[in-house]
Every structure is written in C-alpha cells, then in structure tokens.
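> Take this structure first; my questions come after.
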Amino acid sequence: MSFIEVNQLCKEYRIAQSGKGISGAVRSLFHREYTVKQAVKNVSFSLEKGEVVGYIGPNGAGKSTTIKMLSGVLIPTSGTARIGDIIPYENRKENAKHIGVVFGQRSQLYWDLPISDTLELYESLYSIPKERFRRNCDFFTELLDMKDFLSQPVRQLSLGQKMKANIAIALLHDPDVVYLDEPTIGLDVTSKKVLRDALKKINAERKTTIILTTHDMDDIEAVCRRLIMIDQGKKLFDGTLADFRSKYNDGFTLKLEFEGAIPAWQESAGYELLEQTDHHWIIKARTEITSKAAMIELIEKYDPTNLYVQEERIEDIVRRAYALDAAV
C-alpha cells in the first residue's frame, strides 16, 4: 500500500439561495433553497513516501479543498483518504502530529513575538524532545538563512523572511508529509530560489513527502518530479513532467540568426514562420519532429550563422491544457 491513498474523493457544498427583495428574504426564512457545488469530484491518486508532487489547477479547481481534506480540516462528502495508517478527518489530533501545512496567505507566526520565541512555542505544542528541537532549529536556521532575524518581532520582517519562518515551523517536528499552498506567492526571485533549494534539500535528506499547490510553474519545474492537474474538481492528468509535456505540448520554436542577406523563406508543412527581421527568423516546428531533426534540416536548408531551440514553457502548456479541458 502506498503512503498516501486517495480514492474517489468528493466534496460538495450546499449554498443557500436568498430570494430577491424583502418578500424573497422573508420566504427564505421559512423555506430555504440550496444549490450544490461539487468542489472535488471523484479524485483518486496514490503517493509513495518521499515523493514531491505538484498539485495544480486554476482558481476554484479544488486544490485547497483537497489539501484541507488530507490535512483533516474538512470531511469528504464521499470517498476515502488515508495518510499512512491514519484517516485524517477521523483522527485529526494524531494526523496533526505527522503533517506540516503552509498556506501562502496565512501565517502561523505571532505578530509581536520574535521568531525564536515562536519556535519555542511550537516546541511545546508538538512536544518535541529538546535535543531534536535544537538540532532542527540549527538545521533550518542555516538552511533558510534565518540567523539575522531570529530575534526580531514578526511585524518587522519582510514577506520572504516570514515565509521562511513559516516553513521552518511546519517542518520543526519532522512531519512525514508537508502541504505547501502557494509558498512563494509575492516573493522576489532571490527568496523564491532560496525556498526552492531548501525544499529540495529537505526532501533529499529527510525523505519528507511534499505536496505543492501553486500557480507559479517555475516552482513546479524546480522542485517537483510529478504533476497532478485538476480542473473543476476533476483530475485531468497524473504523471511526470516529461509525460505532461508530451501529452499537451504544441511543438517548439527555433531562432535562426543570419549574417548578411537573409535567405528567402520556403513554405513547409512542418514549420511555420512566426517572426522575421533583417537578421533572424522565429520558426514554430510541429510536434511530430524532434528538435535534433529540425536543426539538421534547417541548417542544411538555410545555413544560419546561429540556431537556438526554445522549448515551450510549462506555464504555456498548462494554460493550453486548461483550455482543452474547458472546450470538452
């Protein structure tokens, strides 16, 4: 059995409808009508211990609802979820001992307390042995470069510093799995890199299972080996990043640079000329042709001074995947 087992998980919300005007409001007091919204629809997947998975989807797709059911905050309408030997929504206290959670727009920090005091507070909350607490504090202080602001109150910290502290707190008790919901939202490029590198090291050294939900596809490419995509509560894809590119990719582009007179473009079924200047072309190649074959063919045909292959960004591929699903 896998470490995390999710089977046909569903979550529905009943939304009360209010009638228009005063008469409608009065009727609603005696006869309330509801509509049902399916936030998660029969989602199934399994994860092995130590996996790092990107769980992605547009706003309202059901990502956070899934995470809340796995962390025990919400009870599923139907289906099951199991983390190790624990059913999270039936054994919330026990489940909390084995998980860490970071929500990018919600903080576990206390406004007027310095980070060092907050860490000690969570030491008591999780009943962490003293030696392990000191070891983990030293490890995360160095890994996340927190030494210079440990004694500062939270209200004086930057967004990046707060996020580092939140991640340290979530991992302080050595959880088996950590759920990260938009952990790099609003951070600058340097802070994002620090956090991504830290997550990779934590996973490599401690075999912590990580489920990452984000709209930043650079997070996915930097940290995750596997991708699960949902939209409108349904799972659309579950596999490696390479498999995802293969399924939804729409080809690649090539940039050809020329010195002197630029040759005449020859129409071809395999290529589309996207851009032309006095010195270069941007060409779109069909998905069936490999980049190696395209380079050989174009070099022989046009003899460019330089040629560059530009793979399509995963963010663009994800956008196309959502569009294809919406069109179905």
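So the sequence shown is numbered by our numbering: it starts at 1314 and just counts up by one.
Virtual Cβ for every residue (Gly too), placed ideally from N, Cα, C.
Are THR1526 and GLU1570 close, meaning C-beta to C-beta below 9 angstroms?
No. Outside cutoff.
> Please tell me whether TYR1402 and ALA1394 are closer than 9 angstroms, where the distance is taken between their beta carbons.
For TYR1402 and ALA1394, yes; Cβs fall inside 9 angstroms.
> Just curious, the alpha helix (DSSP H) that LEU1554 is in, first and last residue?
Taken as a continuous stretch (DSSP letters only), the alpha helix (DSSP H) holding LEU1554 covers 1554 to 1561.
> Measuring alpha carbon to alpha carbon, tell me which residue in GLU1518, ALA1374, SER1420 is nearest PHE1452.
Considering only alpha carbons, the answer is GLU1518.
> Counting C-beta neighbours from all protein chains within 10 Å, is the total for ARG1447 16 or more, i.e. buried, or is it exposed?
By the neighbour-count rule (16 or more Cβ atoms within 10 Å), ARG1447 is not buried but exposed.
> For the alpha helix (DSSP H) containing GLY1473, name the first residue and the last one.
It spans 1472 to 1484 - the alpha helix (DSSP H) in which GLY1473 sits, taken as one unbroken run.
> With DSSP collapsed to three states, give me the class of ASN1320.
Here ASN1320 sits in strand by DSSP.
> Quick one: using the 10 Å Cβ neighbour count with 16 as the cut-off for buried, is PRO1442 buried or exposed?
Exposed, by the Cβ-count rule.
> Measure the alpha-carbon distance for LEU1484 versus GLY1413 and round it to whole angstroms.
Answer to the nearest angstrom: the Cα atoms are 6 angstroms apart.
> Mind listing, in chain order, the continuous alpha helix (DSSP H) runs of no fewer than 4 residues lying wholly within the stretch 1388 to 1418?
Within the stretch 1388 to 1418, the complete alpha helix (DSSP H) runs of at least 4 residues are 1405 to 1409.
> Are the stretch 1539 to 1550 and the stretch 1357 to 1374 touching, with three or more C-beta to C-beta distances below 8 angstroms?
Flag = yes, the stretch 1539 to 1550 and the stretch 1357 to 1374 touch.
> Report the option in LYS1614, GLU1444, LYS1597, ASP1487 whose CA atom is closest to the CA atom of ASP1563.
Selected option, being the one with the closest Cα: LYS1597.
> Kindly list the residues whose CB is nearer than 8 angstroms to the CB of ILE1399, restricted to its own chain and excluding five residues on each side of it in sequence; keep chain order.
Hits under 8 angstroms: GLU1407, ASN1408, HIS1411.
> Using DSSP's beta-bridge definition, name the partner residues of THR1522.
Its beta-bridge partners are VAL1490.
> Which residue from ILE1369, SER1315, ILE1317, SER1359 puts its Cα closest to that of ILE1630?
Taking only the C-alpha atoms, the option nearest ILE1630 is ILE1369.
> Just mark ALA1352 as buried or exposed, buried being the case when its beta carbon has 16 or more other beta carbons within 10 Å.
The residue is buried, with at least 16 neighbouring Cβ atoms inside 10 Å.
> Rounded to the nearest angstrom, what separates LEU1500 and VAL1507 at their Cα positions?
So the two alpha carbons sit approximately 11 angstroms from each other.
> Does the separation of the CB atoms of VAL1319 and PHE1358 fall below 9 angstroms?
A contact, by the Cβ cut-off of 9 angstroms.
> Looking at ASP1544: is its Cβ nearer than 9 angstroms to the Cβ of PRO1371?
Going by C-beta atoms, ASP1544 is nearer than 9 angstroms to PRO1371.
> When the distance is taken between beta carbons, is THR1566 closer than 9 angstroms to ILE1595?
Going by C-beta atoms, ILE1595 is nearer than 9 angstroms to THR1566.
> Helix or strand or just coil, what does DSSP make of MET1459?
It is coil, neither helix nor strand.
> Starting from ALA1607, trace the alpha helix (DSSP H) in both directions and tell me its first and last residue.
Taken as a continuous stretch (DSSP letters only), the alpha helix (DSSP H) holding ALA1607 covers 1604 to 1615.
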